[in-house]
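Read the structure below first, then the notes.
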Amino acid sequence: NYCSSSGVLGHLSVLEDQARKRKTPQQGRLKELKDKVEALKIQRDRLVAEIEIHKVLQRRSSSALKWLSGYTAVLGGYNLVKTRQGKGVCISLATAYNGVFFETYNLELNLRPIIKISRHNIPPFIPLKRLEEDSNFQTDLMVFLDTLSQHLNAYVGRKEQLRLVKVPVHHQSVEVMESNALCSILVLMFTIPRVKMTVLCMLDYSDHTSCFPKRVSLESEDMSLPESEEWKKNCRLLMETPVHQALSAMRRMGSIV
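Just so we're aligned: the sequence shown equals residues 46 to 302 in this note's numbering.
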C-alpha cells in the first residue's frame, strides 16, 4: 500500500511540475497580450480624436484642415489631445518672443453639439469671450485661434521687454513707475544728463496684438522738451523698437543718463 501511495503521489508531483511549466509561458504570453491591447487602445483613442476633429472641422470650413496642418509653423508648435470624456479636444498654444519659447496655454474644447470652451488657463485679462464673438467662433475656429495666438504672443513679448527694462545692469537710471498685468501701460522715469532733469514717459500699448506702443507721451518741467527734435526722435524710437533696446540706444546717444 505504501509503495502504491508513493507511486500515486509521485505521479501527482510530476503532473504539478508539468502544469507549472505550462503556466509560466502562458502567463508571460498573457502579459504580452495585455500590453499589446493597451497599446492598441491608446492608438485607437488617438485615431478617434483625429477623426472627430476631421469631422467637425470639415463641417465648419472646407479649408480648415489645410490650415490646421500648417498652423504648427505659425504658433511654433501645438498639440491636439482628445479629452478623457471623449467629447472634445485640448489645444495647446505655445508662445515665443525673439526666438525664445515661453508659456504654453491650453484650451479644452467640447465639440458637440456646438464648439464650446469648457476649461482653459488663458490669463483673465485676455478678452477671450470678445475674441470668440469677433471671430465667429462656431464657423471659423482658425480665425479665433490665430487672433488668440497674436494676443498671447504680444502679451508675452511686452512682459519680457518689461523684465529686461528692470535689469539693473542695463538700465540703472531708468525706473519703472507703473505697469499693469497686461503690460499694456508702462510709465518710466529717467534723467536727462547735464541739466539732471527727470522725465516721465508713458507708453500706451492700446493694440494688444502688438509688442510696440501706439502712443508715447512725455512730461517734464521743461514744457518745450516734448516738441524738441531730439525727443520727437526718441519717441519714434520707442514706438518702433523694443523698449529695452530703445532705452539702450537713447543712453548711447546721450539723451538719458
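Beta carbons are placed, not taken as given, at the ideal position from N, Cα and C, and that holds for glycine.
All values reported here derive from a predicted model rather than from experimental measurement.
| Item | Value |
| --- | --- |
| To the nearest angstrom, how far is the alpha carbon of F189 from that of F147? | 21 Å |
| Where I301 and T236 are concerned, what is the direct C-alpha to C-alpha distance, given to the nearest angstrom? | 6 Å |
| By DSSP's criteria, L231 is part of a beta bridge. Which residues make up the other side? | S224 and L248 |
| For the candidate residues H196, T243 and H216, whose alpha-carbon lies nearest to that of D252? | H196 |
| Exposed or buried, which one is S108 when buried takes at least 16 other CB atoms within 10 Å? | Residue placement at S108 is flagged as unreliable, the pLDDT there being 47, under the threshold of 50; the coordinate-derived value follows with that caveat. Under this definition S108 is an exposed residue. |
| How is the beta strand (DSSP E) around V188 delimited, first residue to last? | First-last for V188: L186 to V210, but that is the alpha helix (DSSP H), not the beta strand (DSSP E). |
| For A291, list the residues DSSP reports as bridge partners. | A291 pairs with nothing; no bridge assigned. |
| Given 8 Å as the limit, is there contact between the region 147 to 166 and the region 209 to 224, that is, 3 or more CB pairs closer than that? | no |
| Would you mind working out which of V212, P238, R239 and L207 sits nearest H224, comparing C-alpha positions? | The question names His, but residue 224 is Ser in the sequence shown. It is L207. |
| Let me know if L85 comes out buried or exposed under the rule of 16 or more other beta-carbons within 10 Å of its beta-carbon. | exposed |
| Cα-Cα, which of M295, C256 and Y250 is closest to H215? | M295 |
| Please report the distance separating the alpha-carbon of P168 from that of S194. | 12 Å |
| Would you report the Cα separation of L186 and Y250, rounded to the nearest angstrom? | 26 Å |
| Going by DSSP, name the residue or residues bridged to V145. | Y142 |
| State the DSSP-derived secondary structure class of E2, mapped to helix, strand or coil. | The chain is shown only over 46 to 302; residue 2 falls outside these bounds and no answer can be derived. |
| For E272 and V261, I'd like the C-alpha separation in whole angstroms. | 13 Å |
| Leaving out five residues before and five after T192 in sequence, what residues of the same chain have Cβ atoms less than 6 Å from its Cβ? | L176 and S180 |
| Starting from K161, follow its DSSP beta bridges and name the residues at the other end. | N155 |
| Leaving out five residues before and five after G121 in sequence, what residues of the same chain have Cβ atoms less than 7 Å from its Cβ? | Summary for G121: the model assigns pLDDT 36, below 50, so the residue's position carries little reliability; its value from the coordinates is reported in the next sentence. These residues qualify, in order along the chain: A139, A141 and F146. |
| Which two residues bound the contiguous alpha helix (DSSP H) that contains R175? | L173 to D179 |
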